[in-house]
Amino acid sequence: MFPSLIDAVTGELPPFTAATILSQTRVDGWLAAMLLLTGGCYLYGVHRLKARGDKWPVNRTIMFVGFGLGSIALVTLTGIGAYDTTLVSVHMVQHMVLGMVAPIFLALGAPVTLALRTLPKKPRALVLGAVHSKVARVLAFPLVAYAIFVANPFVLYFSDLYRQTLEHPWLHEFMHAHFIATGCLFFWPLLGLDPLPGRWPYPGRALLMVLSVPFHTVLGLTIMQQKNLLGGDYYPSLGLTWANPASDQVTAGGILWAGGELVSVTMLAVLVVQWIRASEREAARVDRQLDREEAAAARHAAEQATAQATGQAVEQPSGPATAQPADMTSLTPHQAPEYDQRAATS
10 MFPSLIDAVT GELPPFTAAT ILSQTRVDGW LAAMLLLTGG CYLYGVHRLK ARGDKWPVNR
70 TIMFVGFGLG SIALVTLTGI GAYDTTLVSV HMVQHMVLGM VAPIFLALGA PVTLALRTLP
130 KKPRALVLGA VHSKVARVLA FPLVAYAIFV ANPFVLYFSD LYRQTLEHPW LHEFMHAHFI
190 ATGCLFFWPL LGLDPLPGRW PYPGRALLMV LSVPFHTVLG LTIMQQKNLL GGDYYPSLGL
250 TWANPASDQV TAGGILWAGG ELVSVTMLAV LVVQWIRASE REAARVDRQL DREEAAAARH
310 AAEQATAQAT GQAVEQPSGP ATAQPADMTS LTPHQAPEYD QRAATS
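As structure tokens, this is what we get:
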């Protein structure tokens, strides 16, 4: 809550409206600096690729910088961030964006892939080492990430921890970072384009996405039907004449329920599209391999016919070379040197 929001006449906060979202925008603090730094590093990486003649899909830049970082800024640096400790419904919008919307767009921006294609050899090895570390393997394992993603909101809202985040600004900021990190752990292995260890096949990812839908329904309905207020007497103690904490909590539960299902179903559709495109790329790769084998067989037959006519011996062709995998999402640190030339740009 910003002190500047207090009305000098009434002595209380003005009502939350669409106008306050813009009027209370504040681009300062460590979060704004981190967003600018992250966006700047990403754009510099894209610039380096283009400077050496390589391509980087524009849609990835839009996903990461525009929708990913942009959505984080929207709910933390504007009036939504100013009122996130005043109305639980505003907090729930912020929760949904930080925990579900922003991580999805960040993952679709493929920042790890960009880093591996632009960093020098030693920093690139450090990135690959971190991605393939034991800690990353455990946290990014889909079932572990799913358990963290599902359990965290229940632990937060149905304990005294939520009240503490409202009363302590540093803990409140930590909660924001925790929402983003938890969302990234869950969505990155499911929808992301970066090289990650132990990635599940598409049917497993789709199943995990489907299993995440009921959790939002249960949590949202529980909050809507709960008689006790989230945060105890914190919201009534604010003394806002224009807000009813009980009805606002019902609105917050509805936002979590409807918003969670909408995002989950939409992301399931995105996953299915990725699955179809991956199948098409694999089919095209197999077709190319078969064409090469048929061409090699035809050449060998022609050489054999020529040799028989001239009485020369023909060397038997060796077996077909093993094709490189089309999916570059399971790279090991030993494959770092050639990653820059073979990384997918689709």
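Using the working numbering, the first residue of the sequence shown is number 10, and each one after it goes up by one.
Ideal Cβ placement from N, Cα and C applies to all residues, glycine included.
With 16 other Cβ atoms within 10 Å as the buried cut-off, status of residue i
i: L44; result: buried
i: W179; result: exposed
i: H100; result: buried
i: P223; result: exposed
i: G54; result: buried
i: D169; result: exposed
i: T331; result: Confidence at T331 is low in this model, with a pLDDT of 48, below 50, so its placement is unreliable and the value that follows should be read with caution. It is exposed - the Cβ of T331 has fewer than 16 other Cβ atoms within 10 Å.
i: Q333; result: Bear in mind that a pLDDT of 46 at Q333, under 50, signals an unreliable position, so the model cannot answer this.
i: S273; result: buried
i: S98; result: buried
i: V295; result: exposed
i: P112; result: buried
i: Q234; result: exposed
i: Q33; result: buried
i: S183; result: The residue asked about is misnamed: residue 183 is Phe in this sequence, not Ser. Exposed, since its Cβ has fewer than 16 Cβ neighbours within 10 Å.
i: R208; result: buried
Segment limits, alpha helix (DSSP H) that includes residue i
i: V67; result: V67 to T70
i: W366; result: Residue 366 falls outside the range modelled here, since the chain spans only 10 to 355, and no answer is possible.
i: P168; result: First, the amino acid is wrong: residue 168 is Ser here, not Pro. Counting along the chain, S168 falls outside any alpha helix (DSSP H), and DSSP gives it neither H nor E.
i: K130; result: K130 to V140
i: R234; result: First, the amino acid is wrong: residue 234 is Gln here, not Arg. Segment Y211 to Q234, the alpha helix (DSSP H) holding Q234.
i: T29; result: A27 to S32
i: Y243; result: Y243 to S246
i: M105; result: V97 to M105
i: T122; result: P120 to T127
i: T85; result: G79 to T85
Check whether residue i and residue j have beta carbons under 8 Å apart
i: A267; j: P206; result: no
i: I232; j: G262; result: yes
i: L217; j: L238; result: no
i: V281; j: A215; result: yes
i: H48; j: V67; result: Per the sequence shown, the amino acid found at residue 48 is Gly instead of His. Contact: no.
i: P162; j: L228; result: yes
i: L128; j: V136; result: yes
i: I157; j: L125; result: no
i: A154; j: A145; result: no
i: L40; j: L86; result: yes
i: L96; j: D242; result: no
i: L165; j: V219; result: no
i: V106; j: S80; result: yes
Distance between beta carbons of residue j and residue i, contact taken as under 8 Å
i: I89; j: V102; result: 6 Å
i: H225; j: T94; result: The Cβ separation is near 23 Å, so there is no contact.
i: G192; j: G108; result: 4 Å
i: F188; j: H104; result: 6 Å
i: G77; j: F114; result: 4 Å
i: Y211; j: A304; result: Actually they are not in contact, since the Cβ atoms of Y211 and A304 sit about 31 Å apart, beyond 8 Å.
Would you check if the stretch 118 to 133 and the stretch 168 to 185 touch, i.e. whether three or more CB-CB distances between them fall below 8 Å? no
Determine contact between the stretch 245 to 256 and the stretch 70 to 90, defined as no fewer than three beta-carbon pairs at a distance below 8 Å. The stretch 245 to 256 makes no contact with the stretch 70 to 90: fewer than 3 CB pairs, one atom from each, lie closer than 8 Å.
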